[in-house]
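Working notes for the structure below.
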Amino acid sequence: MTEFEEKIEVKGARVHNLKNIDVSIPREKLVVITGLSGSGKSSLAFDTIYAEGQRRYIETFSAYARQFLGGLERPDVDKIDGLSPVIAIEQKTTSKSPRSTVGTITEIYDFLRLLYARASDAYSYNTGDKMVSYSDDQIKTLILKDFKGKRINILAPVVRSRKGHYRELFEQIAKQGFVKVRADGEIKDLVKGMKLDRYKTHDIEIVIDRLVVNDDIDNDKRLSESINTAMYHGDDVLMIIDQDTQKARFFSRNLMCPSSGISYPNPEPNNFSFNSPKGACANCNGIGELYQVNENKIIPDDTLSIKNGALAPHGPEKKSWIFKQFETIAQRFNFKLTDAYKDIPKDAKQVILYGGSEKFSVESKTLGVTRDYKIDFEGVANFIENQYKTADSRSLKRWAKEYMDKIKCPVCEGARLKKESLYFKVNGKNIAELANTDIVELSEWFSTLHQHLSKTQLKIAEEILKEIKTRIQFLLDVGLDYLALNRSSKTLSGGEAQRIRLATQIGSQLVGVLYILDEPSIGLHQRDNEKLINSLVSLRDIGNSVIVVEHDKDMIERADYVIDIGPKAGKHGGEIISIGNPKELKTHNTLTADYLNGKKEIEVPKTRRKGNGKFLELKGCTGNNLKNVSIKLPLGKMIGVTGVSGSGKSTLINETLYPILNAYYFNGVKKPMPYKSIKGLEHVDKVIDINQSPIGRTPRSNPATYTKTFDEIRSLFAKVPEAMIRGYKAGRFSFNVANGRCETCKGGGLRVIEMNFLPDVYVECETCQGKRFNRETLEIRYKGKNISDVLNMTINEAVGFFEHIPKIFKKLKTIQDVGLGYITLGQQSTTLSGGEAQRIKLATELSKRDTGNTFYILDEPTTGLHFEDIRVLMLVLNKLADKGNTVLIIEHNLDVIKTVDYIIDIGYEGGKGGGNVVAKGTPEDIIKDKKSYTAKFLKKELL
Numbered sequence: 031m032t033e034f035e036e037k038i039e040v041k042g043a044r045v046h047n048l049k050n051i052d053v054s055i056p057r058e059k060l061v062v063i064t065g066l067s068g069s070g071k072s073s074l075a076f077d078t079i080y081a082e083g084q085r086r087y088i089e090t091f092s093a094y095a096r097q098f099l100g101g102l103e104r105p106d107v108d109k110i111d112g113l114s115p116v117i118a119i120e121q122k123t124t125s126k127s128p129r130s131t132v133g134t135i136t137e138i139y140d141f142l143r144l145l146y147a148r149a150s151d152a153y154s155y156n157t158g159d160k161m162v163s164y165s166d167d168q169i170k171t172l173i174l175k176d177f178k179g180k181r182i183n184i185l186a187p188v189v190r191s192r193k194g195h196y197r198e199l200f201e202q203i204a205k206q207g208f209v210k211v212r213a214d215g216e217i218k219d220l221v222k223g224m225k226l227d228r229y230k231t232h233d234i235e236i237v238i239d240r241l242v243v244n245d246d247i248d249n250d251k252r253l254s255e256s257i258n259t260a261m262y263h264g265d266d267v268l269m270i271i272d273q274d275t276q277k278a279r280f281f282s283r284n285l286m287c288p289s290s291g292i293s294y295p296n297p298e299p300n301n302f303s304f305n306s307p308k309g310a311c312a313n314c315n316g317i318g319e320l321y322q323v324n325e326n327k328i329i330p331d332d333t334l335s336i337k338n339g340a341l342a343p344h345g346p347e348k349k350s351w352i353f354k355q356f357e358t359i360a361q362r363f364n365f366k367l368t369d370a371y372k373d374i375p376k377d378a379k380q381v382i383l384y385g386g387s388e389k390f391s392v393e394s395k396t397l398g399v400t401r402d403y404k405i406d407f408e409g410v411a412n413f414i415e416n417q418y419k420t421a422d423s424r425s426l427k428r429w430a431k432e433y434m435d436k437i438k439c440p441v442c443e444g445a446r447l448k449k450e451s452l453y454f455k456v457n458g459k460n461i462a463e464l465a466n467t468d469i470v471e472l473s474e475w476f477s478t479l480h481q482h483l484s485k486t487q488l489k490i491a492e493e494i495l496k497e498i499k500t501r502i503q504f505l506l507d508v509g510l511d512y513l514a515l516n517r518s519s520k521t522l523s524g525g526e527a528q529r530i531r532l533a534t535q536i537g538s539q540l541v542g543v544l545y546i547l548d549e550p551s552i553g554l555h556q557r558d559n560e561k562l563i564n565s566l567v568s569l570r571d572i573g574n575s576v577i578v579v580e581h582d583k584d585m586i587e588r589a590d591y592v593i594d595i596g597p598k599a600g601k602h603g604g605e606i607i608s609i610g611n612p613k614e615l616k617t618h619n620t621l622t623a624d625y626l627n628g629k630k631e632i633e634v635p636k637t638r639r640k641g642n643g644k645f646l647e648l649k650g651c652t653g654n655n656l657k658n659v660s661i662k663l664p665l666g667k668m669i670g671v672t673g674v675s676g677s678g679k680s681t682l683i684n685e686t687l688y689p690i691l692n693a694y695y696f697n698g699v700k701k702p703m704p705y706k707s708i709k710g711l712e713h714v715d716k717v718i719d720i721n722q723s724p725i726g727r728t729p730r731s732n733p734a735t736y737t738k739t740f741d742e743i744r745s746l747f748a749k750v751p752e753a754m755i756r757g758y759k760a761g762r763f764s765f766n767v768a769n770g771r772c773e774t775c776k777g778g779g780l781r782v783i784e785m786n787f788l789p790d791v792y793v794e795c796e797t798c799q800g801k802r803f804n805r806e807t808l809e810i811r812y813k814g815k816n817i818s819d820v821l822n823m824t825i826n827e828a829v830g831f832f833e834h835i836p837k838i839f840k841k842l843k844t845i846q847d848v849g850l851g852y853i854t855l856g857q858q859s860t861t862l863s864g865g866e867a868q869r870i871k872l873a874t875e876l877s878k879r880d881t882g883n884t885f886y887i888l889d890e891p892t893t894g895l896h897f898e899d900i901r902v903l904m905l906v907l908n909k910l911a912d913k914g915n916t917v918l919i920i921e922h923n924l925d926v927i928k929t930v931d932y933i934i935d936i937g938y939e940g941g942k943g944g945g946n947v948v949a950k951g952t953p954e955d956i957i958k959d960k961k962s963y964t965a966k967f968l969k970k971e972l973l
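Per our numbering, the very first residue in the sequence shown carries number 31; after that it's consecutive.
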């Protein structure tokens, strides 16, 4: 390679906040880009290098193909040389479909389907016997051998255990030239108008032939023809009856149970797919779960009357058709709408919930006349279920879901497949059982599988098993041994999803590719970090270039080359402040270097908080992998919940504790995972949960709108004397509503010019010059600034500007306190980095009034944060705890763990090996524990 080809040269990058930077990145090396959150790391890696790589790839397509793909915008960069094909592995790219699972993403499930279609044994779901299938010649040989010299009837089964009178079927059989049938075990002549009892279940077979079995040549030919005819009419199944003993035997070209005669079609890979109609359970369409109406949600309080709103979906009495129906039902079942719901007759409740249709008459004693009434009512529960199934509107579906519970499908019991598919087994296990197994157990099962397969099966399965084993090994290599193949991709954390995609990429064994990863260490315990780094090193060693945007100390130290972007964040960042190998980096005078060489550090508090002496006690948690866990949380402290990935932290806190607290304080409807009891709820006033979901995915969402500060600012502008004279309301100052906004760009500030074969060009709107509002709205000024000027202010400027408006000042001050003073109020949410978005959510929650008894739950708040950002974050969280609030943090980052007052460590392993409390106490107590993985790494930080 020449000097030029060994580097990726980026010249004049100006995307987002990058300040016209030039950088050379060595190829086929592990390169880490680090720096403060918001300094421009992702702008360089993803929005410049990856975007240009993607654009060049799409440019290779014909103009005709490109018009369907939509052009990609050219990043704002002078030129990039030495770029190879680029694959980005980001945090937010997993599918949210319930049909996407770990098995389908990694393709392991596809190979499993192939294995089961080609090398499995089928068993009867009636008797458990092994299914058999024969060719026509084998069937003939068996009949000649087993029935030699006997009188037999050859029959073709056409109806099996179904109700009906079957008159048309008998007519059809007669037209085809047959004269006898066997109905329910009795042979009858076909006569005109023949039919059976329509309310009983029947078995019907056509009598194809009756003969004595011998070796005669004519007999042999006749037997072959009869077998063919019987197979044709019996859908590849025939039945032989010995006329002396009347015993039946079944033969089939398909897989068939020799004793009961049921048959399966020959298996194909899509018979084992829950995304194909051939394999999916018909009841739940292959999802494994159903929504079922919950009567308790429809009638939350049965002491109320229908008139006063006992039926929650309909509320108190109104003048509507539905309440007229309730009155008719009341007359029919002799009750009043003012009666308490619990006192209404049982039959009436059945009609109200599940509908009915009948006519009845009521005699009026006073008038002496009879009136006819008609009930034709769908039923409240049926209506809700139908709306959920058939409504096109999302909001209607959401409304219906409020009165329903998610339950496991009663037909497939969550296995997602048809009954027949679950009776194909390899080494005694069906495909659903394998999909439910942890990767680590699956690996062990496959390692001994060859001992349990026949020679033929081994030959067929050899290549398939090789593919499955290598893919499983890659998942083990990136620390995902605790996942199961049927784990839904929407329940994965950002880090897990990214590592699955990484494992899939390592599996593809491509060479000469540029991989760009976005903080792959998120959600990963220090123990598994080494495995992840080794996976990235192996990607590099086979001849790929790897660029990682990362803050992790171990990753930076193992890199071949580090690029540090800064010096600060936002408009004060976007420059390369340090570049070189990790050793050189430590000698430079930068924030990252200071933290790496120990000049700066997040300090361990000298004393731990004593708390307020009260406790929140949660007992008997058994959700997912939790093994009857009980925890006692000391209130008024900062609590850390730690443990390896998949040990059960999120199940315990996010899926069990938070839903209980949310339901108690705010009537939340999310059902907690199973638990026995909780004590101490009276010691807490409210709960606030800050998780990792994104804050807004449209350019119209910004920090001002998300934190609701913009509502207050608009109200303030509406109170300006000039606005009041003109009659402007707060809505006038919204760029999402007609009247106040610029109608040329619909309040976007930019206009899109479509260029057909070239990427769309965004230009500043010539009417409002990018200000988003019309001239009349911009004439209203507060302290000399109009609404557009306010949106362009940084948080630091706005804090001073709104100093005397407490409602606005408090919210802005909190955003400033979490270290985001450099962003503007109107900055599009789509341009915020992951760490910035997380802190805006945090600021929104922190700006709500704390009572001194608030319970905060934070799920990995250090996602996307540099060491310095973590220091600022911990200052904010410590302030909250100092006021007496309880702050619970689920975290792997040791800088956070070492500063908390109390740790609950869950483990020991992930998946089935987890779900126990390993250790609890102060960080100083935890490091004495010999078994805890967290203790091992925490000891290095504290001692």
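Backbone N, C-alpha and C define an ideal beta-carbon position, used for all residues, glycine too.
In the DSSP assignment, find the alpha helix (DSSP H) that holds residue i and state where it starts and stops.
i	result
Thr-358	351-363
Lys-20	Nothing about residue 20 can be read from this structure; the chain reaches only from 31 to 973.
Thr-231	No alpha helix (DSSP H) contains Thr-231, which is instead part of the beta strand (DSSP E) from 231-242.
Met-703	Where Met-703 is concerned, there is no enclosing alpha helix (DSSP H), given that its DSSP letter is neither H nor E.
So is residue i buried or exposed if we call it buried at 16+ other beta carbons inside 10 Å?
i	result
His-834	exposed
Val-793	exposed
Leu-621	buried
Gly-223	exposed
Ala-310	buried
Glu-752	exposed
Thr-916	buried
Leu-905	exposed
Leu-663	buried
Leu-426	exposed
Arg-362	buried
Ile-606	buried
Ile-783	exposed
Using a threshold of 8 Å, state whether the C-beta atoms of residue i and residue j are closer than that.
i	j	result
Lys-59	Asp-52	no
Leu-241	Ile-182	yes
Ile-900	Ile-632	yes
Leu-972	Lys-928	yes
Arg-57	Ile-88	no
Leu-199	Glu-235	no
Arg-143	Phe-302	yes
Thr-964	Ile-845	no
Ile-336	Phe-407	no
Ile-138	Glu-319	no
Which two residues bound the contiguous beta strand (DSSP E) that contains residue i?
i	result
Asp-741	Counting along the chain, Asp-741 falls outside any beta strand (DSSP E), though it belongs to the alpha helix (DSSP H) covering 739-748.
Asp-111	107-111
Ala-278	278-282
Ser-948	Inspection of the sequence shows that residue 948 is occupied by Val rather than by Ser. Where Val-948 is concerned, the enclosing beta strand (DSSP E) stretches over 946-951.
Asp-227	Premise fails: Asp-227 is in no beta strand (DSSP E) and is neither H nor E.
Lys-438	434-438
Since residue i contacts residue j with CB under 8 Å, what's their CB separation in whole angstroms?
i	j	result
Phe-967	Gln-556	4 Å
Thr-75	Ile-546	One detail in the question is off: residue 75 reads as Ala in this sequence, not Thr. That pair is a contact at about 5 Å.
Glu-961	Lys-520	Checking the sequence shown, residue 961 turns out to be Lys, not Glu. Contact doesn't hold; Cβ gap of about 33 Å is too wide.
Should residue i be counted as a contact of the ligand ADP given a C-beta to heavy atom distance under 7 Å?
i	result
Asp-889	What this structure holds is no ligand at all, so the ligand ADP is not there to describe.
Is the region 112-119 close to the region 74-83, with three or more CB pairs under 8 Å? yes
Measuring CB atoms only, is the region 62-74 touching the region 587-603, in the sense that at least three cross pairs come out at less than 8 Å? yes
How do the region 653-665 and the region 930-949 stand: do at least 3 beta-carbon pairs fall below 8 Å, yes or no? yes
Touch check for the region 700-715 and the region 643-652: three-plus C-beta pairs under 8 Å? Touching, per the Cβ criterion.
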